[in-house]
Amino acid sequence: MTSVNGYGRLAADSSALRLQVELLTRQVSTGRKAEAQGDIAPDLPRALTLRAEIARRDTYGTAISEALSRSGATQTALQRLGDIAREFADDVAMKLDPNDPNALSLVAPRAKAALVEVGQLLDSQSAGEYLFGGSDLRNPPVPDPEGLPGSGMAQQVAAAVASLGGGNAAAVAAATRAAAMDDSPGVTPFSAFLSDPAAGLAEPRRAVPAGDGQAVPYGLFANRNAAAASAGETTGSWARDLLRGLASLAALTPAQTASPDDFRALAGTIRDGLRSAADGIADEAGALGLTEARLTTAKEQHATLGDALKGQLSDIEEVDLAATLSRLQSTRTALEASYTAIGRLGELNLTRFLP
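Using full-length UniProt numbering, the first residue of the sequence shown is number 1, and each one after it goes up by one.
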């Protein structure tokens, strides 16, 4: 009777050890304590909370990464726009001389080519989205960059410049400023969306959620400033200032040198407007740089907190592989010993105890 009871206990112990070996083997294979979430109770509520928080941090990090990618492409466009503004302010406009009318034959083609390039830069994209179009991500903010030299704005600027003479330099400058600020269809080079007072002209900047209750603006517009505040000879928009200056240079002909004083005055206005554009672009790029630094810091914080949360979740859901392998080996050894004991117990019979 004792032998039977001992055999039953050994069989039960072996069965438990076998189940333990199977569990430890799965854990070593998957690295997880359990295959189903319900098997980690009572830690399941905390695990679900940690998973949700990790997902939230990852979502913020992904959104910030995408915003930083777009802002990086925007900075590249701003760099070139600034180069163009400085080049024409400090090189071309600075050298305008009524005593050298023949030099104007070289200025106009350069200015027209620069107008096209500026339009193309304002149509810069990142991942298929226009960077300077506000919330109208799928349509170019400057619908026809190649046609800028012949646009309604450029034609109005050219008409004003052609009238230069008789002491009207100030009036010509005011007319070119008005043309650059005109949002009328057929005049403005910008899209209908950006020129609509109820749409693009009124909407806030594109922003990225950087944390709970934190929306960080980073988007720019082709036809108005975002963070920069233009000063001096300006339309109030660095992009319009740049287009105005280039269109004015493109419209200059030897005929305007017939009034030297007016020519010099207009040249000074063009130069100052281009410098205002360069300063505005630099301010915009600087402000965007500060925003990028803020977003980078926020992204790093989310990553750090996410890693800490993942560590806590790992403690709940995942096994210590080294410790689990050690337990698996010792359990297998115990199971083998149990099988050996059962085998020996099965060999016992009455004849082994008879003389």
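Cβ atoms here follow ideal geometry from the backbone N, Cα and C, with glycine treated the same way.
Can you list, in chain order, the residues of its chain with a C-beta nearer than 6 Å to that of residue i? Leave out the 5 residues immediately preceding and following it.
i	result
D241	T234, T235, G273, S276, A277
F193	D136, A199, G200
T296	none
R224	S237
S195	D183, T188
Y60	H302
G152	G186, V187
N168	none
A160	V172, A175, T176
F353	Bear in mind that the predicted position of F353 carries a pLDDT of just 46, short of 50, making it unreliable; the figure below should be weighed with that in mind. Cβ neighbours of F353 beyond the five flanking positions: none.
Whose C-alpha, out of the options, is nearest the C-alpha of residue i?
i	options	result
D97	L266, I281, K112	L266
A239	A285, L309, T296	A285
M94	A154, R271, A55	R271
S248	E53, A108, E117	A108
R80	A215, A114, L104	A114
G88	G245, P45, N99	Checking the displayed sequence, the identity of residue 88 turns out to be Phe instead of Gly. The shortest C-alpha separation from F88 is found at G245.
G150	A250, P185, D100	A250
D261	G165, L50, S330	G165
A170	F263, A180, K112	F263
G268	S163, V92, T304	V92
N78	V157, Q329, D283, Q156	It is worth fixing the name first, because residue 78 is Leu in this sequence and not Asn. Per the Cα distances, D283.
A154	A180, R9, L106, P45	A180
Using 8 Å for Cβ pairs, my map puts residue i next to residue j. What's the rounded Cβ distance?
i	j	result
D182	T176	Between T176 and D182 the Cβ distance is about 11 Å, and since that is not below 8 Å, they are no contact.
L220	A226	5 Å
D58	G306	6 Å
A210	I64	6 Å
P217	A231	P217 to A231, Cβ: 22 Å. No contact.
G147	I281	Not quite, the Cβ-Cβ distance comes to about 23 Å (not below 8 Å), so this is no contact.
L104	L252	5 Å
L50	L288	Between L288 and L50 the Cβ distance is about 35 Å, and since that is not below 8 Å, they are no contact.
Keeping to the same chain, check which residues put their C-beta closer than 7 Å to that of residue i; ignore five residues upstream and five downstream.
i	result
S126	S69, R70, A73
I145	For the sequence presented, residue 145 should be read as Pro rather than Ile. Result list for P145: V116, G119, Q120, D123, in chain order.
F190	P141, V142, A222, N223
A85	L242, L274, A277, A278, I281
P101	P254, T257
A67	V208, Y218, L295
E292	L68, S71
K112	P149, A250
S163	V172
Among the residues of its own chain, which have a CB less than 8 Å from the CB of residue i, if the five just before and after it don't count?
i	result
G204	The question names Gly, but residue 204 is Pro in the sequence shown. Excluding positions up to five away in sequence, the list reads P217.
M1	Residue confidence is low: M1 scores 47 on pLDDT, short of 50, so the model does not pin down where it sits. Its coordinate-derived value is still stated next. Cβ within range, chain order: n/a, list empty.
N139	Y130, G133, S191, F193
Cβ of residue i less than 8 Å from any chain D Cβ?
i	result
T297	Looking at the structure shown, chain D is missing, and only one protein chain is on hand.
Run the proximity test for residue i: is its beta-carbon closer than 7 Å to any non-hydrogen atom belonging to the ligand SAH?
i	result
G311	No copy of the ligand SAH occurs in the structure displayed, which carries no ligand at all.
Mind the definition here: the segment 127-134 touches the segment 64-80 only if three or more C-beta pairs lie below 8 Å; say whether that holds. Taking a cut-off of 8 Å on C-beta distances, the segment 127-134 touches the segment 64-80, as three or more cross pairs fall below it.
Which full runs of the alpha helix (DSSP H) of 4+ residues lie inside the segment 91-170, going along the chain? As far as the segment 91-170 is concerned, its whole alpha helix (DSSP H) runs of at least 4 residues are 104-122, 152-162.
Mind the definition here: the segment 287-301 touches the segment 250-268 only if three or more C-beta pairs lie below 8 Å; say whether that holds. For the pair of segments examined, the segment 287-301 was found not to touch the segment 250-268: the number of CB pairs separated by less than 8 Å stays below three.
Extract the residue ranges of the alpha helix (DSSP H) inside the segment 195-257, only unbroken runs of 4 or more that lie entirely within it. For the segment 195-257, whole alpha helix (DSSP H) runs of length 4 or above, ordered along the chain, are 238-251.
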